[in-house]
Amino acid sequence: MNDEKWMDGLCTCPKFLKAYICKHLLGIAIRLKLVCPPLEARNLEIGKKRNRGRPSKAKKALIKQ
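Numbers 207 to 271, taken from our numbering, label the letters of the sequence shown in order.
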């Protein structure tokens with residue numbers, strides 16, 4: 207990959223087949239320092255870990271009292 211042609215890369219994921227760009231191409235471009243992500247994207251949390259144990263049952267939507 208070079209600086210000018212990284213966007214012409216190919217991927218087989220469904221997102222790429224629909225939009226012709228995907229997180230895989232962007233990730234490789236960022237690692238090779240061909241693209242610099244915005245600072246706002248670096249400050250976001252990626253995700254939260256799930257709590258331990260079995261998930262609680264869904265509450266009933268309509269309860270008649």
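Beta carbons: idealized from backbone N, C-alpha and C, even for Gly.
Does residue i pass the burial test, meaning 16 or more other C-beta atoms within 10 Å, or should it be called exposed?
| i | result |
| --- | --- |
| L268 | exposed |
Once you ignore the five residues that flank residue i on each side, which residues in its own chain have a CB closer than 7 Å to its CB?
| i | result |
| --- | --- |
| C228 | C217, C219, K221, F222 |
Straight-line CA distance for residue i to residue j?
| i | j | result |
| --- | --- | --- |
| D214 | E246 | 26 Å |
| L231 | P244 | 16 Å |
| Y226 | K254 | 29 Å |
| N257 | G233 | 29 Å |
| S262 | V241 | 43 Å |
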